[in-house]
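Each residue of the sequence shown is one higher than the one before, starting from 24 at the first, in this note's numbering.
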Amino acid sequence: YYVTDIAAGQDSSIWLATNKGLMHFASGTWSVWNTENSAIATDYLTEVDSEPAGVWVRSGFGVQHFNGEVFDQTFDATNSPIRPALISGMDVAPNGTLFVAMTSGVVAGLPDCWSCKGGLIEYSNGVFTRYDDTNSGLSIPNLTTVWCAGNGHVYCASVDGTLFDLFNGTWSAHFRGNYKFPSTFVTR
Numbered sequence: 024y025y026v027t028d029i030a031a032g033q034d035s036s037i038w039l040a041t042n043k044g045l046m047h048f049a050s051g052t053w054s055v056w057n058t059e060n061s062a063i064a065t066d067y068l069t070e071v072d073s074e075p076a077g078v079w080v081r082s083g084f085g086v087q088h089f090n091g092e093v094f095d096q097t098f099d100a101t102n103s104p105i106r107p108a109l110i111s112g113m114d115v116a117p118n119g120t121l122f123v124a125m126t127s128g129v130v131a132g133l134p135d136c137w138s139c140k141g142g143l144i145e146y147s148n149g150v151f152t153r154y155d156d157t158n159s160g161l162s163i164p165n166l167t168t169v170w171c172a173g174n175g176h177v178y179c180a181s182v183d184g185t186l187f188d189l190f191n192g193t194w195s196a197h198f199r200g201n202y203k204f205p206s207t208f209v210t211r
């Protein structure tokens, strides 16, 4: 097994994203969900994030929610603004809201060019909200990562090193020109 990400569950258990599926360690027992025993899109997972109702996993096929028993939600280019090939990171806020950061790029087979632009996708209560340079303070939508702080702030970074902060519907930008960041490339 090759572990690509680790997350602590809400119950202090451990979740692993691996090259052979989703693994869970709780009460001294390991459980594994893969393409042979579940509806997971692929065995090769790149990220796992826990939330109150389960975990979100990311792969090259998109983002899926696992409620502890089954994969109950799957989002990709066919049913959401999420473009799997452009995902650079995801995180879940303490209230269960999912945030997905996307880079900008050209992806073969995507007919709608706006989706080639990166940005931040928010998924909450069954509704997607897409933030980019046309509708938010996210002036550079080519993102490298996203992180949800426990205090209500959602931080994301762009490829030029700008750190964006979304808090209570208001955006602010912190960039190397007005703060002393040691680098212009930020990752999680």
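Where is the CB? At the ideal position from N, CA and C, for every residue including glycine.
Note that the structure is a prediction, hence the values are computed from the model and not measured.
Item, Value
"By Cβ distance below 7 Å, which residues in the same chain neighbour Cys213 in space, the five residues on each side in sequence not counted?", "The first residue shown for the chain is 24 and the last is 211, placing residue 213 beyond what the model contains."
"Phe89 and Val78 look like a contact to me (Cβ under 8 Å); what is the Cβ gap, rounded to whole Å?", "5 Å"
"Nearest CA to the CA of Val177: which residue from Gly149, Cys139, Thr52, Gly119?", "Gly119"
"What number of angstroms, rounded off, separates the C-alpha of Glu92 from the C-alpha of His47?", "11 Å"
"So Asp72 packs on Ala30, CB below 8 Å; how close in whole Å?", "6 Å"
"On the criterion of 16 or more Cβ atoms from any shown chain inside 10 Å, does Tyr154 qualify as buried, or is it exposed?", "buried"
"Residue range of the beta strand (DSSP E) that Gly173 falls in?", "Unbroken run through Gly173: none, as it is neither H nor E."
"In whole angstroms, what separates the C-alpha of Gly32 from that of Tyr67?", "20 Å"
"Please determine, among Asn102, Ser181, Cys171, the residue with the shortest C-alpha to C-alpha distance to Pro117.", "Cys171"
"Across which residues does DSSP place Gln14 in a beta bridge pair?", "The requested residue 14 is not part of the displayed model; the chain covers only 24 to 211."
"In three-state terms, what does DSSP make of Ala62?", "coil"
"Sort out for me which residues DSSP pairs Ile163 with in a bridge.", "BP columns for Ile163 are empty, so no partner."
"To the nearest angstrom, how far is the alpha carbon of Ala49 from that of Ser35?", "8 Å"
"Distance check for Phe122 and Phe151, CA to CA, integer angstroms please.", "10 Å"
"Determine the contact status of Gly44 and Trp56, defining contact as a CB-CB distance below 8 Å.", "yes"
"By the three-class DSSP mapping on this structure, what secondary structure does Ala180 have?", "strand"
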